[in-house]
Amino acid sequence: MAIQAKMKKAVRLLGTGLAALLFCALIIVLFVKREKRLNTLDEPLPSPDGQLSDEEEIRFTVVLDPGHGEPDGGAVGIDTGTPEAGINLSYAKALKQQLEAMGVSVVLTREDENAISADKKEDMAARKAIMNGCNADIVVSIHMNKFRDRSVSGPMAFYIKGDDAGEALAKCVLDGVCEAIDRPLRHVNPGDYFILKHSEPPAVILECGFLSNSTDEKLLLSEEHMNKMMQGAAKGIMNYLNSTNEDAADKADAEDK
Ligand SMILES: [Zn+2]
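Just add 2 to the spot in the sequence shown (first one is 1) and you have my numbering.
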């Protein structure tokens, strides 16, 4: 009888021990599950429409430089005498709007009719400081052209000789513009200009058309033409920026191997 009683006690103890083990296991499982749920809550939630957050969306910074500004009006329209400076500013602001809608951060070198400084040297130095001081991916300087032969018309783009990135950028922008306004595609040109020479990011001067040509002047002063053209410029800029991004990703991939 004594042995039977001891056996019974042992079985009872074993049962209690197993129950305690099971209970502990249950507690651990519940705890791990709760931790997992808390961790999930720490992760950023996707917005309802599946778009990226603001921080992720702004991937590029572009400096737009509306050429000239009071007291330097630049070229003037052959029929209306409208100075280039104000037209440049309108075009730059239209392009800014287009780019910002695409999630690009835009810095303007000037935001009103005045140059940054009345002194040309100081003005150019200030533009240089802005172009190179905001970690920009590219610089786009906007101008209106003039030429003694009044029959010459259409947009042009200039880059600094020997800068492959600047040349590729100029090509993307000019192609975008020509396509948007139904002009035949044109070659880009090297040009020895201050903005191009002193910009650390790849830079392009976009000459939107010739104020010395009557037809061009009329077009350049039309808001519809401006918006069409700047839509094309924005498309070209995005083509360039996205292609450099792919190049960088390809390079990183190659280095991994
Ligand atoms: Zn100009």
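Ideal Cβ positions, reconstructed from N, Cα and C, are used throughout, including at glycine.
- CA-CA distance, Arg150 to Val190, rounds to 20 Å.
- Closest by C-alpha distance to Thr63, out of Gly238, Glu225 and Asp139, is Asp139.
- Residue burial annotation: Glu225 is exposed, with fewer than 16 other C-beta atoms found within 10 angstroms of its C-beta.
- Distances between the C-beta of Met146 and the heavy atoms of ligand 1 include at least one below 8 Å.
- When the Cα atoms are used, Ile80 and Ser155 turn out to be separated by approximately 13 Å.
- Residue range Ile140 to Asn147 is occupied by the beta strand (DSSP E) that includes Met146.
- By the beta-carbon neighbour count (other beta carbons within 10 angstroms, threshold 16), Ala103 is exposed.
- Not one heavy atom of ligand 1 is found less than 8 Å from the C-beta of Ala94.
- For the 9 Å CB-CB criterion, Tyr161 and Gly193 form a contact.
- In the assembly as shown, Ser201 is a buried residue. Its beta-carbon has 16 or more other beta-carbons within 10 Å.
- Taking C-beta atoms as the reference points, Asn215 and Arg152 count as a pair closer than 9 Å.
- For the options Pro186, Gly75 and Val179, the alpha carbon positioned closest to that of Gly88 is the one of Gly75.
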